[in-house]
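Numbering of the sequence shown is given in the working numbering, commencing with residue 34 and proceeding in unit increments.
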Amino acid sequence: MSLCELHWSSQVVGKHVGTYVYIPDDAPPPFAVFYLLHGLSDDYTIWLRRTSIERYAAKHRLIIVMPDGFRGFYTDNPGGPAYATYIAKELVETIERIFPARRARESRGVGGLSMGGYGALRLALGHPDVFSVASSHSGAVLHGSRNHPRVGGALGDVEFHRIFGETPAGSDHDVLALAHQAQQRGILPQMRIDCGVEDDLIHDNRSLHAKLEAMRIPHEYAEFAGGHNWEYWDQHVQEALTFQEKHLL
Numbered sequence: 034m035s036l037c038e039l040h041w042s043s044q045v046v047g048k049h050v051g052t053y054v055y056i057p058d059d060a061p062p063p064f065a066v067f068y069l070l071h072g073l074s075d076d077y078t079i080w081l082r083r084t085s086i087e088r089y090a091a092k093h094r095l096i097i098v099m100p101d102g103f104r105g106f107y108t109d110n111p112g113g114p115a116y117a118t119y120i121a122k123e124l125v126e127t128i129e130r131i132f133p134a135r136r137a138r139e140s141r142g143v144g145g146l147s148m149g150g151y152g153a154l155r156l157a158l159g160h161p162d163v164f165s166v167a168s169s170h171s172g173a174v175l176h177g178s179r180n181h182p183r184v185g186g187a188l189g190d191v192e193f194h195r196i197f198g199e200t201p202a203g204s205d206h207d208v209l210a211l212a213h214q215a216q217q218r219g220i221l222p223q224m225r226i227d228c229g230v231e232d233d234l235i236h237d238n239r240s241l242h243a244k245l246e247a248m249r250i251p252h253e254y255a256e257f258a259g260g261h262n263w264e265y266w267d268q269h270v271q272e273a274l275t276f277q278e279k280h281l282l
């Protein structure tokens, strides 16, 4: 794999941002692209620093893009910035202008952990014409489906409402509402959701799984031993890579 560190000017976010990009160097281009998102307290460097993602990526013929998501939950914050637009439109256009990426919905996937797990589902369900595959590890998957911060969660009331607005349930922040809309349009992404049974977010993930099943929305769901930590994510990102490559063209 070849590794590029890209620094570029985001008009949506209003600042220069950093992005890491892995590119296969032993297969002919163009390549499908997997956008891999970080969690609330981290940045675009964290997957490289805390996992063996480069070693795992070498087994797959994917461009892997690791952008900076700040603390915006990869959704369009009511007062800005529009973080979903930043990823689904601006970042995708930037990557496809610079790197040998296939320019088709069927060749774009998105995944992440915690905040990024929510973000992957929010982006793929909110922009199913852009992304065809989504994977979530230990995702904060119901944060946009409730109107108040989760008790015991990392977000206080002020930051929660800055990100999601006063009444996010049923809005474009709500992955269940977005799933229903994508289902009505007949353009659902392939989805894989997993969580550790010792993770504080396991109940939200189980609830999302049950609600998606009740809505008859196809998805894969798995629970494993482990908590909300890098030992878990380092292990299970390998399954996400396999899932993404299986469904991307």
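For each residue, glycine too, the CB sits at the ideal point set by N, CA and C.
Note that the structure is a prediction, hence the values are computed from the model and not measured.
Where residue i and residue j are concerned, what is the direct C-alpha to C-alpha distance, given to the nearest angstrom?
i, j, result
"Ser-43", "Val-50", "7 Å"
"Phe-67", "Arg-225", "14 Å"
"Ile-196", "Ser-204", "13 Å"
"Glu-199", "Ser-35", "44 Å"
"Pro-161", "Ser-168", "14 Å"
"Gly-105", "Tyr-116", "6 Å"
"Asp-76", "Gly-185", "23 Å"
"Glu-264", "Ala-258", "11 Å"
"Asp-232", "Ala-65", "31 Å"
"Ala-90", "Ala-210", "33 Å"
"Val-163", "Gly-189", "32 Å"
"Lys-279", "Ile-56", "18 Å"
"His-269", "Ile-97", "16 Å"
For the putative contact between residue i and residue j, defined by C-beta atoms under 8 Å, what is the C-beta separation to the nearest angstrom?
i, j, result
"Leu-73", "Ala-187", "6 Å"
"Pro-63", "Ala-173", "With a Cβ gap of about 33 Å, Pro-63 and Ala-173 do not count as contacting."
"Tyr-107", "Val-46", "Going by Cβ atoms, the distance from Tyr-107 to Val-46 rounds to 12 Å, so no, they are not a contact pair."
"Val-166", "Gly-145", "Not really, about 13 Å apart at Cβ, beyond 8 Å."
Just to confirm the assignment, what range does the beta strand (DSSP E) spanning residue i have?
i, result
"Gln-271", "From DSSP, Gln-271 is part of no beta strand (DSSP E) but of the alpha helix (DSSP H) over 263-280."
"Leu-39", "35-43"
"Leu-124", "From DSSP, Leu-124 is part of no beta strand (DSSP E); its letter is neither H nor E."
"Val-208", "Not the beta strand (DSSP E): Val-208 falls in the alpha helix (DSSP H), residues 208-218."
"Arg-225", "223-229"
"Leu-95", "95-100"
"Tyr-55", "48-56"
"Phe-67", "65-70"
"Ala-255", "253-257"
Need the endpoints of the alpha helix (DSSP H) that residue i sits in, please.
i, result
"Arg-239", "235-247"
"Leu-81", "79-83"
"Ala-90", "86-90"
Length at least 3, wholly inside the segment 132-189: the beta strand (DSSP E) runs in chain order | Whole beta strand (DSSP E) segments, 3+ residues: 141-146, 166-170.
State whether the segment 245-261 contacts the segment 217-233, with contact taken as three or more CB pairs (one from each stretch) at a distance under 8 Å.
-> Yes: the two stretches touch, three or more of their Cβ pairs being nearer than 8 Å.
Does the pairing of the segment 139-150 with the segment 160-177 give three or more beta-carbon distances under 8 Å?
-> Contact between the segment 139-150 and the segment 160-177 is present, because at least three Cβ pairs lie under 8 Å.
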